[in-house]
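Read in order, the letters of the sequence shown are residues 5 to 358 in this note's numbering. Below: one structure, written as structure tokens.
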Amino acid sequence: MSRVLPLPGKAAPEGAAPALNSIAELLAELRAGRMVVVMDDEDRENEGDLIMAAERVTAEAVAFMIRHTSGIICVPMEEEELARLELPQMVPANNESQRTAFTVSVDLRAGTTTGVSSVDRAATIRALANPASVGADFARPGHIFPLRSRRGGVLVRAGHTEAAVDLCRLAGLAPTGVLCEVMNDDGTMARRPQLHEFARRHALKIGTIADLIRHRLRTERTVVRICEQSVPTEFGEFRLYAYQDQVSLEMHLALARGRLDGAEAPLVRVHLPDTLRDVCGVRGASRAWTLRAALQRIVEAGNGVVIVLRQQETAAELGEARLDALEADRAQVLGRGAETDDADGVQGAALVAV
């Protein structure tokens, strides 16, 4: 079995229990020009990819990838770089199982021959990561497949495409990676037990997208306060705080009243906007608080905060709200605030922390 890559490393002893490496360890490997194995969720693709930084790729690394993977070598990139290099999506309507965003394939024009050799592919990959490259430097189609990463990375889409870009960025390198799916010798896709053995055999660090998500949530501030001011409302004056989610770019609001110095525990309401009820005043059978009712309750209590989390309302959701209103046989009844889901609670907590 070839031991071409990684560069210096020490394999774990035979029979050792599978262990995951930390994100910090993966980042150190990428900075050193080595590749790592990254696994996604077992309920998703349940696969592992070899990932390394595109700017550090070598012909030897490409040869290792071809030998031990599916051979389809992809280069995850940020959308802005793809636009700059004039690399459009491969198809207008993507119905691939995971909606992996393939662009047209490419080869580097200068200094390559057919584009298929490991030397040529490595040159193409490095050129894609080079900020001095331009669209005219590449022939299409080719043997390297750029992928479009979603803005927000793994916090928006828990895929290998986004993981590769996030890892390269966090390693302080160009946010352009290279990846390929690990296969078993019999041609089947390697699953977790095989991936752990593969990593052990080749002295590769191994981690998960789930750990990368946790790392980003723990180390990055995803919500930023952009302004604050006093505003009059029908219930009196509130202090308005505006925040921007750096992942989704959505704007969120917090309306505060009274003492928020920690001397007393304030009332806190995380409110998801309901256009028909909050804006149009449509009454229905829902027992969730309206925005007006939440503000009024805080005035009565003397201090508190209403956090308004912006979200997209679909036509189906508006239709359901309308049917709910039509079926109501009595005036709107206000009860205790409806619970929000975990994601909304995390966003609300982030705003309170800021």
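Just so it is clear, CB atoms sit at the ideal spot from N, CA and C, and this is done for glycine as well.
**Same chain only: Cβ atoms within 8 Å of Asp346, ignoring 5 sequence neighbours per side** = With a pLDDT of 44 at Asp346, under the threshold of 50, the modelled position of that residue is not reliable, and no figure is offered here.
**Asked** Glu46 to Thr180, Cα distance in whole Å?
**Response** 25 Å
**Cβ shell of Leu24 (< 7 Å), same chain only, five flanking positions each side left out** = Ile210, Gly211, Thr212 and Asp215
**Contained beta strand (DSSP E) runs [length at least 3] in the segment 220 to 283, N- to C-terminal order** = 227 to 237, 240 to 249, 255 to 261 and 271 to 275
**Message:** What does the alpha-carbon distance come out to for the pair Asp124 and Val79?
**Reply:** 14 Å
**Asked** DSSP three-state call for Leu24: helix, strand or coil?
**Response** coil
**Message:** Looking only at its chain, what residues have a beta carbon closer than 8 Å to the beta carbon of Val120, apart from the 5 residues adjacent to it on each side?
**Reply:** His147
**Asked** Counting Cβ pairs closer than 8 Å, one from the segment 216 to 230 and one from the segment 50 to 62, do we hit at least three?
**Response** no
**Request:** Taking only the alpha-carbon atoms, compute the straight-line gap between Val368 and Asn98 and give it to the nearest angstrom.
**Result:** It is not possible to answer for residue 368, since the shown part of the chain is limited to 5 through 358.
**Asked** Going along the chain, which residues of its own chain have a beta-carbon closer than 6 Å to the beta-carbon of Asp265, five neighbours each way excluded?
**Response** none
**Request:** On a CA-only basis, which of Val272, Ile76 and Ala131 is nearest Phe106? Give me that one, please.
**Result:** Ile76
**Item:** CB contact flag (Glu51, Glu185, <8 Å)
**Value:** yes
**Prompt:** Roughly how many angstroms separate the alpha carbons of Met43 and His206, rounded to a whole number?
**Reply:** 16 Å
**Message:** Using the Cβ count rule (16 or more neighbours within 10 Å means buried), how would you classify Leu221?
**Reply:** exposed
**Item:** Rounded Cβ spacing between His256 and Arg314 (contact assumed at less than 8 Å)
**Value:** 6 Å
**Message:** Quick check for students: name the residue ranges of the beta strand (DSSP E) that lie wholly in the segment 86 to 150, counting only runs of 3 or more.
**Reply:** 110 to 112
**Request:** Check whether the segment 297 to 306 touches the segment 245 to 264, counting contact only when three or more Cβ pairs, one atom from each stretch, lie closer than 8 Å.
**Result:** yes
**Request:** Apply the 10 Å Cβ neighbour rule to Ala325 and answer buried if 16 or more other Cβ atoms are within range, or exposed otherwise.
**Result:** For Ala325, the pLDDT reaches just 46, beneath the cut-off of 50, and the residue's location in the model is therefore unreliable, leaving the point undetermined.
**Prompt:** When burial is assigned at 16 or more other CB atoms within 10 Å of the CB, is Ile129 buried or exposed?
**Reply:** buried
**Message:** So, for Asp348: in the same chain, excluding its five sequence neighbours on each side, which residues have a beta-carbon less than 7 Å away from its beta-carbon?
**Reply:** Reliability of the predicted coordinates at Asp348 is poor, the pLDDT of 47 falling under 50, and no value is obtained from them.
**Item:** Cα-Cα separation, Asp189 to Phe68
**Value:** 14 Å
**Request:** Quick one: give me the first and last residue of the alpha helix (DSSP H) that Asp170 is part of.
**Result:** His164 to Leu174
**Message:** So, for Ala203: in the same chain, excluding its five sequence neighbours on each side, which residues have a beta-carbon less than 6 Å away from its beta-carbon?
**Reply:** Val41 and Ile210
**Request:** For Leu330, I'd like the list of residues in its chain whose CB is within less than 7 Å of its CB, leaving aside the five on either flank, ordered along the chain.
**Result:** For Leu330, the predicted model reports a pLDDT of 41, less than 50, meaning its position is unreliable and no value from the coordinates is stated.
**Message:** So, for Leu89: in the same chain, excluding its five sequence neighbours on each side, which residues have a beta-carbon less than 6 Å away from its beta-carbon?
**Reply:** Gly139
**Prompt:** Out of curiosity, what's the CA-to-CA distance linking Pro22 and Leu30?
**Reply:** 16 Å
**Item:** Exposed unless 16 or more other CB atoms sit within 10 angstroms - verdict on Leu253
**Value:** exposed
**Prompt:** Tell me, which residues are paired with Asp53 by DSSP?
**Reply:** Val42 and Glu185
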